[in-house]
Every structure is written in C-alpha cells, then in structure tokens.
Amino acid sequence: MTCKGICIRHRAQRPASYGRYATGQKRCQVCSIFMKWDGAWCPCCGCRVRTKPRNSKFKQKLKITRKVHNENKNKQHLLLFYRKNDVTTNSSSPFVN
Numbered sequence: 075m076t077c078k079g080i081c082i083r084h085r086a087q088r089p090a091s092y093g094r095y096a097t098g099q100k101r102c103q104v105c106s107i108f109m110k111w112d113g114a115w116c117p118c119c120g121c122r123v124r125t126k127p128r129n130s131k132f133k134q135k136l137k138i139t140r141k142v143h144n145e146n147k148n149k150q151h152l153l154l155f156y157r158k159n160d161v162t163t164n165s166s167s168p169f170v171n
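Numbering (the working numbering), first residue to last: 75 to 171.
Here you go:
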C-alpha cells in the first residue's frame, strides 16, 4: 500500500466555513491528503479513508455542526409541509355544484 499519485486528482481545498469532515471531505492516512471521494477506500493506495476526526475538539465541533444542520433541515421540511397543506385546504374549486 503505497501512494501512486492518483489521489492528487481528487485533492480537496480547505473549506471557508465549517470543517473538512462536515463538508464531506475524507482523509487518506497513507497518502496524507484530504480528498473529495464518495468511496470508503482510497482510489490511489486502496487504504480505508477516514471520515471522522480523531481529535476530541474537532469531534465535538463536527457533532455540533451536524446537529445544527439537521435542525435546519427539519425546519425546512415542516415549512414545506405546512405550505402544501395550506394550499390544498384553502383552495376552492371554481366549479362548485
């Protein structure tokens, strides 16, 4: 398991906000690079990529970020659900018998 240089094509830039793991980046320990990759294994060396931080400070930061993201996602879902019901109950058909 050695780096073959393929991982350079998938190198990820440091995000301006949030952390690397919160934005979906993964780290290969063999290649020592953060990358945007959908798989669980490095495309270069075949080693399993890390999807969570090892440092407790960054673990806590990731946990808070995910919690806030999920709360916002639930609020948007409820708002869409409310609007959908509001439109269907208040709309009356122009053709009434």
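Cβ atoms here follow ideal geometry from the backbone N, Cα and C, with glycine treated the same way.
Asked	Found
When you compare each of K133, F108 and Q134 to V123 by their alpha carbons, which one comes out closest?	F108
Would T76 and K100 be called neighbours here (beta carbons separated by less than 9 Å)?	no
Three Cβ pairs or more, each shorter than 8 Å: is that satisfied between the segment 137-144 and the segment 111-120?	no
For the beta strand (DSSP E) containing I107, list its first residue and its last residue.	I107 to M109
With C-beta atoms as the reference, is A96 less than 9 Å away from R128?	no
For the beta strand (DSSP E) that K100 lies in, which residues bound it at each end?	K100 to C102
Taking only the alpha-carbon atoms, compute the straight-line gap between C105 and S130 and give it to the nearest angstrom.	23 Å
Within its chain, find whatever has a CB closer than 6 Å to the CB of R94; leave out the 5 residues flanking it on each side and keep chain order.	F108
So, for L136: in the same chain, excluding its five sequence neighbours on each side, which residues have a beta-carbon less than 8 Å away from its beta-carbon?	G93, Y95, A96, K126 and P127
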